[in-house]
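Notes follow once the structure below has been shown.
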Amino acid sequence: MFDLSRIGAGLPVAETIASLPAEGNVVVQAPPGTGKTTLIPPALANQAAQNATQNAATERESSVGKIIVTAPRRVAVRAAAHRLRTLSGQPELVGHSIRGESVPGTAVEFVTPGVLLRRLLRDPELSGVAAVAIDEVHERQLDTDLVLGMCLELAQLRADFRVIAMSATVDAQRFSQLMDAPVHVTEAAIHPLEISYAPAPGRAAGERSFYRHLAQQAAEQASASAGSTLVFVPGVREVNQVCAELTTLVDANTPVFPLHGQQTTDEQDRTLYTDSRRIVVATSIAESSLTVPGVRAVVDAGLARLPRRDAQRGMSGLVTASTSKSSADQRAGRAGREGPGTVVRCYSQEDYQHFAPHISPEILSADLTQAALFLDTWGAGHDFPLLDQPPATAMAAARTTLQRIGASKELALLPTDPRLGAALLRYGSGAAETIAKLDEEPRGDITRAPAPKRLVQRLAKLVPDLGPVDPGAVVAAAYPEQVARAVSAGASGLRTGSNSGAGSGSGASPSSGAGTSREYLLASGTRARLLSDSSLADAEWLAVAEISLSNAGNAIIRSAARITEDDALEATGVEETTTATVDGGKIRGRKRRRAGAIELSSTPVQVTGDAAAEAVAESIREHGLGLFEWSASASNFSARLRHLHEYYGSPWPDVAAADPAMWLAPELEQIAAGTAISKIDLYPALQRLLPWPEATRLEELAPERVPVPSGRSVWLDWSGARPVASAKLQECFGLTESPMYCGKRVQFHLLSPAGRPLAITDDLASFWSGPYVGVRAEMRGRYPKHPWPENPWQATATAKTNAKLRKN
1 MFDLSRIGAG LPVAETIASL PAEGNVVVQA PPGTGKTTLI PPALANQAAQ
51 NATQNAATER ESSVGKIIVT APRRVAVRAA AHRLRTLSGQ PELVGHSIRG
101 ESVPGTAVEF VTPGVLLRRL LRDPELSGVA AVAIDEVHER QLDTDLVLGM
151 CLELAQLRAD FRVIAMSATV DAQRFSQLMD APVHVTEAAI HPLEISYAPA
201 PGRAAGERSF YRHLAQQAAE QASASAGSTL VFVPGVREVN QVCAELTTLV
251 DANTPVFPLH GQQTTDEQDR TLYTDSRRIV VATSIAESSL TVPGVRAVVD
301 AGLARLPRRD AQRGMSGLVT ASTSKSSADQ RAGRAGREGP GTVVRCYSQE
351 DYQHFAPHIS PEILSADLTQ AALFLDTWGA GHDFPLLDQP PATAMAAART
401 TLQRIGASKE LALLPTDPRL GAALLRYGSG AAETIAKLDE EPRGDITRAP
451 APKRLVQRLA KLVPDLGPVD PGAVVAAAYP EQVARAVSAG ASGLRTGSNS
501 GAGSGSGASP SSGAGTSREY LLASGTRARL LSDSSLADAE WLAVAEISLS
551 NAGNAIIRSA ARITEDDALE ATGVEETTTA TVDGGKIRGR KRRRAGAIEL
601 SSTPVQVTGD AAAEAVAESI REHGLGLFEW SASASNFSAR LRHLHEYYGS
651 PWPDVAAADP AMWLAPELEQ IAAGTAISKI DLYPALQRLL PWPEATRLEE
701 LAPERVPVPS GRSVWLDWSG ARPVASAKLQ ECFGLTESPM YCGKRVQFHL
751 LSPAGRPLAI TDDLASFWSG PYVGVRAEMR GRYPKHPWPE NPWQATATAK
801 TNAKLRKN
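Numbering (UniProt numbering), first residue to last: 1 to 808.
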């Protein structure tokens, strides 16, 4: 049993621990720094021991189960376990497990979500575990969401199993509804905070001048504050940059410590447990996962590394963007836990008002390949308990990747990304060193990165020894779509593409010549840049491990290895195709060899037969029927079909949407046999589109010609929005109403005896009653040989002169 009074001394959570429910699921809501991560796990362990004792007294079989606590980061797991061991005075009761590192503990074990996910897949009942406490659920990390869902399903099967979700924000009600659980709240008194805003240019672009400004603000706070100063920046690079700036701004009596997830345990401990006043420059890890003692001032950049998925290019990456309001408030709260504090926000108050209210769930924007593998291995159904459902397109892309790499339970249990795991299974222990490096997310040339020896040894033991393998081949096996070839005139002739330059603050240069960032084309079709300071800049072929998106949305190669052309092509596969296009009315063919989107060769070839016919059909699909020379009859017939389709719909055809390979098949065969496209008459082809038996009504519904009172029929022009009939005015005497076809009245263009336009109308009755009077007055003198009667209603319609009419 843990001594909770000893562990919880001075912690706000200790005041409410007695009311923590002893059974069932619970949501624990307590602000950062209140001690929930330290005190709730031993309290749960004590409850589990008491429940086991009570069950034994009633002769029910029971044993004391362990409490597993997840924390979203390795540094938080180590720190939480270390603190509970120290405060409890019973280190044998407290263990922790992260990838490649395990310390036993009999009552409480702190783990990362990834460790627990694989443990659940190996042992879905979690034998010997009484409860799982999931810390920092409000951060909405993908693995944390999956762990919560699996544990909730397990709790439905095991009456003696509990799920406790621990949140630092007021979003606890959503978790309460998902878990059907009460919310156990601990209020924490926040000492008064003095919040000021100190914006500076260059924040959005990540410019060095902005981080120099941030360091200056931190130095001023450190000199004025009685306690330590905590500085929030988005990533490790910025941590190191601000620390370097601060060494020139503060004296030796104010030590500067970095704090981030890539540090060793000793480095993190020096930062967290140093008693003196200090400046700590941290990533968002210090927002809620870790408590830095003694902080009385906070300087906040208001930025975070956030996952973004580019669905169109099939890429995911971290971008630097503004944090959420809830995160900004949590950061500020760190200054007021132990006394009145000061907060300097290095952005404007208007910027703060535009921050998103809460952290965006990672499930909505991250690569879901590993998540899909975990869910499929678990056997998750459509009712799997998640706060937010994954996007369908991202999930489909993930399952496509899993199908390609041959997903299996064995792959899910490997302690690495499934794509890396697939490469490990393919190449054996010879790939372990490269896989271990990739798992640490190196930068630049992977072969120059240090290999974590313990992980190398662990991975090597999981697979057989198949001999040595080139690092580039391993990377390409994991990411074949990211095999890349330089886009340049030659090995030394670098050129810069116009559409994929590096974004602001990325470190890439858009200039040409020596030091230029080199552009590569990936097998997936994406263009990406290799930064100018990379030692890989002379490589013709690369196996790319990581591509990130700049804030401007450009693709940047962050890590890669050289690869031979043979290994590159083995990974991607080579496809040989013959394509044909229509250019200037002629069919032109090319034979292409491709590795994905990378063109290896292209040579002109003669195309005949089906390939030629399909080339013309594809040209029509892409560009329409404009490559043909249309006769007047074919053009008007196509227009008639258009009007019929627009007015009556099916089965009258839509010519533009009809598959040319079907209705134009005989003409395509003629072209493939050598007939010039200019010689093809489309009129008979269009007739094949007519539906039967509806075609028998074609002349009734959309006639080619329309009769006029003179006894003649005139051509109907269907090319516009309505049918048009052009006829001499005298031929239409007595016609009072325009005929209607396809829902529109025929528009008459009334012509002079010489064929020149006199009037346009679709209301002949109105024309004879009005405008005709003026036309008659003007035209009878010009054309005296032709009839211009005062009463056109009763006059004989004719195309003849007055003299010829008298002879008749």
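Glycine included, every Cβ here is placed at the ideal spot set by N, Cα and C.
- Under the DSSP assignment, Gly-89 falls outside any alpha helix (DSSP H); it carries neither an H nor an E label.
- Note that the C-beta distance between Leu-290 and Ala-76 is below 8 Å.
- DSSP places Glu-153 in the helix class (H, G or I) of the three-state scheme.
- Taken in chain order, the complete beta strand (DSSP E) segments of 3 or more residues contained in the segment 336 to 373 are 341 to 345.
- Assignment of Asp-329 by DSSP, reduced to helix, strand and coil, places it in the helix class.
- Scanning Val-111, Gln-156 and Asn-51 for the CA closest to the CA of Ala-181 turns up Gln-156.
- Taking Ile-285 as the centre and dropping the five residues before and after it, the same chain places the C-beta of Arg-73, Val-75, Ala-76, Leu-259, His-260 and Gly-261 closer than 8 Å to its C-beta, in chain order.
- The DSSP-derived three-state label of Met-1 is coil.
- Taking a 10 Å sphere around the C-beta of Met-150, we find 16 or more other C-beta atoms and assign the residue as buried.
- Boundaries around Ile-435 are those of the alpha helix (DSSP H), 432 to 439, since no beta strand (DSSP E) includes it.
- When the alpha-carbon of Val-343 is set against those of Leu-39, Ile-195 and Leu-549, the nearest one is in Ile-195.
- Within the same chain, Leu-751, Pro-753 and Ala-799 come within 7 Å of Lys-728 by CB-CB distance, once the 5 residues on both sides are set aside.
- In the three-state DSSP reduction, Ala-301 falls in the coil class, being neither helix nor strand.
- The C-alpha of Val-292 lies about 8 Å from the C-alpha of Tyr-273.
- The Cβ-Cβ distance between Thr-572 and Ala-595 falls below 8 Å.
- When C-alpha distances from Glu-238 are compared across Ser-209, Arg-518 and Leu-758, the shortest belongs to Ser-209.
- In the structure shown, Ser-223 falls within a helical segment according to DSSP collapsed to helix, strand and coil.
- Assignment of Leu-146 by DSSP, reduced to helix, strand and coil, places it in the helix class.
- When DSSP states are grouped into helix, strand and coil, Trp-652 belongs to the coil group.
- Following the DSSP letters along the chain, one finds Tyr-427 inside the alpha helix (DSSP H) bounded by residues 418 to 427.
- Beta-bridge partners assigned by DSSP to Glu-519: Arg-529.
- Between Val-708 and Ser-726, the beta carbon gap of about 10 Å keeps them out of contact (Cβ cut-off 8 Å).
- Between Leu-425 and Pro-391, the C-beta gap is not smaller than 8 Å, which leaves the two residues out of contact.
- Contact annotation: the segment 575 to 595 does not touch the segment 552 to 562, with fewer than three C-beta pairs closer than 8 Å.
- Val-250 places its beta carbon 8 Å or farther from that of Met-166.
- The criterion of a C-beta distance shorter than 8 Å is not satisfied by Asp-145 and Thr-37.
- The beta-carbon separation of Ala-131 and Ile-164, rounded to 6 Å, stays under the 8 Å limit for a contact.
- For the segment 693 to 728, the full-length beta strand (DSSP E) segments reaching 3 residues or more read 705 to 707, 713 to 717 and 724 to 728 along the chain.
- When DSSP states are grouped into helix, strand and coil, Arg-454 belongs to the helix group.
- Of the residues Ile-190, Ser-326 and Gln-370, the one whose Cα lies closest to the Cα of His-358 is Ser-326.
- Checking the DSSP bridge columns, you'll see Gln-50 has no partner listed.
- Between Arg-485 and Tyr-520, the C-beta gap is smaller than 8 Å, which places the two residues in contact.
- In this structure, the CA atom of Pro-450 is about 25 Å from the CA atom of Val-281.
- For Ile-164, the enclosing beta strand (DSSP E) covers residues 162 to 167.
- Of the candidates Thr-254, Ser-322 and His-191, the residue whose Cα lies closest to the Cα of Phe-232 is Ser-322.
- In the DSSP secondary-structure assignment, Met-740 is bridged to Arg-745.
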